[in-house]
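Engineer: Read top to bottom, the protein sequences are chains A and B. Read in order, the letters of the first sequence correspond to residues 0 to 257 in numbering that gives the first Met the number 0. Read in order, the letters of the second sequence correspond to residues 0 to 377 in numbering that gives the first Met the number 0.
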Amino acid sequence: MNVLVILAVILYFLMEFIGGKKGARSFIAIFLNFGVILVTVLAMKEPAIDPVVFTLIASVVISCINLFYINEVNSKTKTAFLSTMITVVILLFFILILSDRAMIQGFGKEETEELGALSKYVGVDFVKIGASVIIMSTIGAITDTAIAISSPMRELFHHRPFVTRKELFRFGISIGKDILGTSTNTLFFAFFGSYLALLLLFKDLSYSWEEIINSKIFSAEMITILCSGIGVALIIPITAWINASYLIKRRDKQKVTG
Amino acid sequence: MNVRGMNFDGITNKVVFLYLFIVVCFAASMFFVQHNHSLYERPIAEITETKLIDSSETIDMKDNKDHLYNQSIVGELKNGKEKGQEILLENTFSASGTVDQEYRVGDDVFVLIEKKGSSSHLSGSIVELKRDTYILFVVWVFIVVLLLVGKKQGLFSIISLAVNALILSYGLDIYVHSEKISLLFISGISIILFTVISLLLINGSNEKTYAAIIATILGTFASLLITYTVMWLSSDNGLHYEEMQFLTRHYKTVFLAGLFIGSLGAVMDVAITMSSSIFGLYEEKPDISIKALKASGMEIGKDIMGTMTNILFFAYVSGSIPILVLYLKNGTPLFYTLSMNLSLELARALAGGIGIVLTIPIGLYISILLVQRKKARA
């Protein structure tokens, strides 16, 4: 039996057993997201499609799955969606400029041996693909933080309908601060785990500090880790601001009409 | 928490001083890293002139069109005996930039100097870009954004990242330099250290944190046990270790250790969410029944389960996008490409997911146990 199939079956039963219907839906969401990544890869293969544009489209679809399918379509998830998209666009531009300047695209010299006979002149832009990788690896955490902030802000607004915009914003930020530590932690360890083999290689081949820091592959991974942290932090004020503005505006409108 | 930076009338001298300190550190370190050439032993040249000599279109066996360019580059050496001299360099790059890149005026590059007797100029070849400036820049953006948004919590996340990275590096040093200690043992010890340090930093020293620490360690080891059993029973069927890059060690241990460490952050997140909410409910309503605590705990668990597995999934699988594109562009069939390049990432994501889901009941029962003890004492 295939390890992946067995693990998937175990995970499905655990999620269904503990999470009931919502658990099963979350499991299906992973498969939908896997589908989105596959389509993204197939689209990036075509030189005619701009990987950056397609990353934005993929981000829209993934956010829809994570926010609207796992949760529901309501104003809470809608504001979270808007905040996610704004953060993704800002982060994407930052990463594009950075990875172009730092030349971290494609594959490092440590990897070329493994690529062996593969042709490297394939006519797609690896700078843009690299930027897309960082966005895609962080988007799960970004949507999660967005929804985690917008739900309690909504609750506070229900309990205290006359709360000011400034108070709402501050409440959102304080919720965000509480989850900042754990979300960044989740991403950091996920990356540490993936880069373990690379770290061992550096140690085994006794790379010096300066060789490690300047190598393409280490720089690329450092930039991925740090940009994902920046993304998870940026979404906090953006979501808090959008929710605060939205809730206050809706209240003002109701006052006028009612 | 009385540190409220958004509140302008509340800004104290201490906060102003801290921001000033950060600005000075930023400026000083950026200046330093742009002028640190003399500290490097490898020769570095700053590119002063580039000229495109020729360009040609290439078509590979799979009909992929690309452009190849040749650049002639003049650089000025910035360190060593030849400091100040000009050096002639050459560079070939492609439009796709898979393994190469175009250099621009102002870039600092490491070079190999090859002296040529006949010409007055030095000549040589480019090894790689000097990237330390960019790394430092991102580090600063990261620090500033985290501090501005998270204040104290942001500072703790930065400390936690730095300390955990140091522990990992130190642990690997021990492993590399001693033959007898196994990697799994070192990762086991590191995992306990990571958990204790990160959770104490994130949540402070209190009962909630202790419950989360126990739940994290139990959850991680339980998921490892399940994954290991499955791998053993199915004799690794479907896992392609040959995809593992940079292998200098026994692949299976490296994979298991990576899997172990990779899911840790997510498991910690679940554990702390569970214990915080159970203790929060109890503190709000000390006479709440155990049954009600269990029910609310399970509800919270259901809510976080999906998002946490998703986070791990994206973090693992996205990294393989470039290699998937390269394989597919080389005409490799889709299914073969996926099974060759994704099997380990998927296994990691699934095993991490199992850890996350298992930690929900584990965290719930441990928190309830500690709450009951507290109740009995009160």
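No residue lacks a Cβ here, since even glycine has one placed at the ideal position from N, Cα and C.
#1: Name the chain A residues whose beta carbon is nearer than 8 Å to that of B/VAL14?
#2: Three-state secondary structure (DSSP) at B/HIS66?
#3: So B/LEU224 is in the beta strand (DSSP E); what residue range does that whole segment cover?
#4: Note down the Cα distance separating A/SER205 from B/LEU198, rounded to an integer number of angstroms.
#5: Which residues in chain B sit within 8 Å of A/PRO151, going by Cβ to Cβ distance?
#6: Whole angstroms are fine: how far does the CA of B/ASN78 sit from the CA of A/GLY81?
#7: Which of the three DSSP states is assigned to B/VAL126 in this structure?
#8: Distance, Cα to Cα, A/ILE285 vs A/THR78?
#9: Here's a check: name, in chain order, each residue in its chain whose Cβ is nearer than 6 Å to the Cβ of A/ILE174, leaving out the five neighbours to either side.
#10: Can you check DSSP and say which residues form a bridge with B/ASP107?
#11: DSSP on B/ILE157, reduced to helix/strand/coil?
#12: Give the range of the beta strand (DSSP E) segment to which B/SER93 is assigned.
#13: Is A/LYS119 buried or exposed, if buried means 16 or more other CB atoms sit within 10 Å of its CB?
#14: Rounding to the nearest angstrom, what Cα-Cα distance links B/TYR209 and A/GLU15 in this structure?
#15: If we define contact as Cβ-Cβ less than 8 Å, is A/ARG159 a contact residue for chain B?
#16: With respect to the alpha helix (DSSP H) encompassing A/GLY18, which residues constitute its N-terminal and C-terminal limits?
#17: Measure the alpha-carbon distance for B/VAL162 versus B/VAL138 and round it to whole angstroms.
#18: Answer with buried or exposed for B/LYS151, where buried requires no fewer than 16 other C-beta atoms within 10 angstroms of its C-beta.
#19: Give me the DSSP bridge partner(s) of B/SER295.
#20: For A/THR144 versus A/ILE234, is the C-beta distance shorter than 8 Å?
#21: Closer than 8 Å, CB to CB, is A/PHE190 near chain B or not?
#22: Does the count of Cβ pairs from the segment 25-33 of chain B and the segment 86-102 of chain B closer than 8 Å reach three?
#23: Please report how far the alpha carbon of B/MET267 lies from the alpha carbon of B/GLU75, in whole angstroms.
#24: Could you say which of A/PHE156, A/VAL51, A/LYS165 lies nearest to A/ARG250 if we only look at CA atoms?
#25: If I follow the unbroken alpha helix (DSSP H) through B/ILE367, where does it start and stop?
#26: Taking the continuous alpha helix (DSSP H) assigned at A/PRO151, which residues delimit it?
#27: Taking beta-carbon pairs under 7 Å, can you tell me which members of the segment 285-296 of chain B lie near chain A?
#28: For B/GLU344, does the count of other Cβ atoms within 10 angstroms reach 16, so buried, or fall short, so exposed?
#29: Does the segment 106-120 of chain A touch the segment 10-27 of chain B, meaning 3 or more C-beta pairs lie closer than 8 Å?
#30: Pull up the distance between the alpha-carbon of B/SER342 and that of B/LEU238, whole angstroms please.
#31: Thinking just about the alpha-carbon of each residue, which of A/LEU186, A/ALA116, A/LYS202 is nearest to the one in B/GLY175?
#32: Leaving out the 5 sequence neighbours to the left and right, which residues in its chain are closer than 8 Å to B/PHE136 when beta-carbon positions are compared?
#33: For B/LYS50, which residues does DSSP report across the bridge?
#34: Measure the C-alpha to C-alpha separation of A/ILE94 and A/CYS226 and round it to an integer number of angstroms.
#35: Less than 8 Å between CB atoms is the rule here; does A/MET14 satisfy it with respect to chain B?
#36: Starting from A/CYS226, trace the alpha helix (DSSP H) in both directions and tell me its first and last residue.
Structural biologist: Checking against the coordinates, here is how it stands:
#1: Going along chain A, no residue has its Cβ under 8 Å from B/VAL14, so there is no contact; the nearest lies around 16 Å.
#2: If DSSP states are grouped into helix, strand and coil, B/HIS66 belongs with the strands.
#3: First-last for B/LEU224: 206-232, but that is the alpha helix (DSSP H), not the beta strand (DSSP E).
#4: Approximately 33 Å, taken between the alpha carbons.
#5: Neighbours of A/PRO151 on chain B: none; closest Cβ ~12 Å, over 8 Å.
#6: Residue identity check: residue 81 of chain A is Leu in the sequence provided, not Gly. Straight across, the Cα-Cα distance linking A/LEU81 with B/ASN78 is about 50 Å.
#7: Strand, per DSSP.
#8: With chain A running from 0 to 257 in the structure shown, residue 285 of chain A is simply not present.
#9: By the criterion of a C-beta distance shorter than 6 Å, A/ILE174 is surrounded in its chain by ILE148, PRO151, once the five residues flanking it on both sides are discounted.
#10: B/GLU45.
#11: Correct three-state label for B/ILE157: helix.
#12: 85-93 is the extent of the beta strand (DSSP E) around B/SER93.
#13: Buried, since its Cβ has 16 or more Cβ neighbours within 10 Å.
#14: Straight-line Cα distance between these residues: approximately 28 Å.
#15: Not one chain B Cβ lies under 8 Å of A/ARG159.
#16: Run containing A/GLY18: 2-43, per the alpha helix (DSSP H) assignment.
#17: Taking the straight line from one Cα to the other gives about 15 Å.
#18: B/LYS151 comes out exposed.
#19: DSSP lists no partner for B/SER295.
#20: The beta carbons of A/THR144 and A/ILE234 sit closer together than 8 Å.
#21: Closer than 8 Å to some Cβ of chain B, the Cβ of A/PHE190 qualifies, so yes.
#22: Because the criterion of three Cβ pairs below 8 Å is not met, the segment 25-33 of chain B and the segment 86-102 of chain B do not touch.
#23: It is roughly 51 Å from the alpha-carbon of B/MET267 to the alpha-carbon of B/GLU75.
#24: Nearest option by C-alpha distance: A/PHE156.
#25: Taken as a continuous stretch (DSSP letters only), the alpha helix (DSSP H) holding B/ILE367 covers 333-376.
#26: A/PRO151 -> alpha helix (DSSP H) spans 125-158.
#27: Of all residues in the segment 285-296 of chain B, none has a Cβ within less than 7 Å of some Cβ in chain A.
#28: B/GLU344 comes out buried.
#29: No, because fewer than three Cβ pairs between the segment 10-27 of chain B and the segment 106-120 of chain A fall closer than 8 Å, the two stretches do not touch.
#30: Each residue's Cα considered, the two are about 5 Å apart.
#31: Here the sequence assigns Val to residue 175 of chain B, which means Gly is not the residue at that position. Checking every option, the nearest Cα to that of B/VAL175 belongs to A/LYS202.
#32: Cβ neighbours of B/PHE136 beyond the five flanking positions: MET29.
#33: Beta-bridge partners assigned by DSSP to B/LYS50: B/SER71.
#34: Looking at the two C-alpha atoms, the distance is approximately 7 Å.
#35: At least one chain B Cβ lies under 8 Å of A/MET14.
#36: Membership of A/CYS226 in the alpha helix (DSSP H) is indicated by the continuous run 215-256.
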